[in-house]
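A quick write-up on the structure given underneath.
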Amino acid sequence: MGLMLSPGDDDVTSPDVSWSYTGFNMFREWLAQAEGFTLAEMNGFGGDRVWSSVSTTLAPLLDHPDDDGSLAPAQCAAMLPRLEAITEQRQHGDGGPVLERRLDDVRQLVTVMKYCLEKEVELIFC
Numbered sequence: 000m001g002l003m004l005s006p007g008d009d010d011v012t013s014p015d016v017s018w019s020y021t022g023f024n025m026f027r028e029w030l031a032q033a034e035g036f037t038l039a040e041m042n043g044f045g046g047d048r049v050w051s052s053v054s055t056t057l058a059p060l061l062d063h064p065d066d067d068g069s070l071a072p073a074q075c076a077a078m079l080p081r082l083e084a085i086t087e088q089r090q091h092g093d094g095g096p097v098l099e100r101r102l103d104d105v106r107q108l109v110t111v112m113k114y115c116l117e118k119e120v121e122l123i124f125c
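Using numbering that gives the first Met the number 0, the first residue of the sequence shown is number 0, and each one after it goes up by one.
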């Protein structure tokens, strides 16, 4: 079992991105690290640190239930520049296969978010 992030347009040909639950957790841990904090320290992930203490446009993605709910197109639009910047910053140099996997995940997520904006639909977690 795993989870999928897909546009809320009921079109089976729409782009999507999927992970195992463990893989999605590792992806979010990596994104949090890129944003300068540790996900395990955060409320809801085993820690006591409140989300309002973190300054990142990626908070709606990082602090979201794994397999329920959605992100609005405006939230996707707000996160896109940062996600694209992460891929640009990290693409240079040899980071090995784990880094390549994370960057591929970000690129796929960016593709899905751009589609959601183009179609003006939510990004669904299922």
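Even glycine gets a Cβ: it sits at the ideal position worked out from N, Cα and C. Only a predicted model underlies this, so the values are computations on that prediction, with no experimental measurement involved.
In the DSSP assignment, residue 26 falls within the unbroken alpha helix (DSSP H) covering 20 to 33. Note that the C-beta distance between residue 64 and residue 124 is below 8 Å.
Residue environment for residue 80: exposed (fewer than 16 other C-beta atoms within 10 angstroms of its C-beta). Ranked by Cα distance from residue 28, the options 74, 107, 109 and 58 are led by 58. Where residue 2 is concerned, the enclosing beta strand (DSSP E) starts and stops at 1 to 6.
By the Cβ criterion, the stretch 106 to 116 is in contact with the stretch 66 to 86, since at least three pairs of Cβ atoms, one from each stretch, lie closer than 8 Å. In this chain, the alpha helix (DSSP H) harbouring residue 60 covers 58 to 61.
Per DSSP, residue 98 is one residue of the alpha helix (DSSP H) stretching across 95 to 118. Secondary structure at residue 52: helix, using DSSP grouped into helix, strand and coil.
Counting along the chain, residue 122 sits inside the beta strand (DSSP E) bounded by residues 122 to 124.
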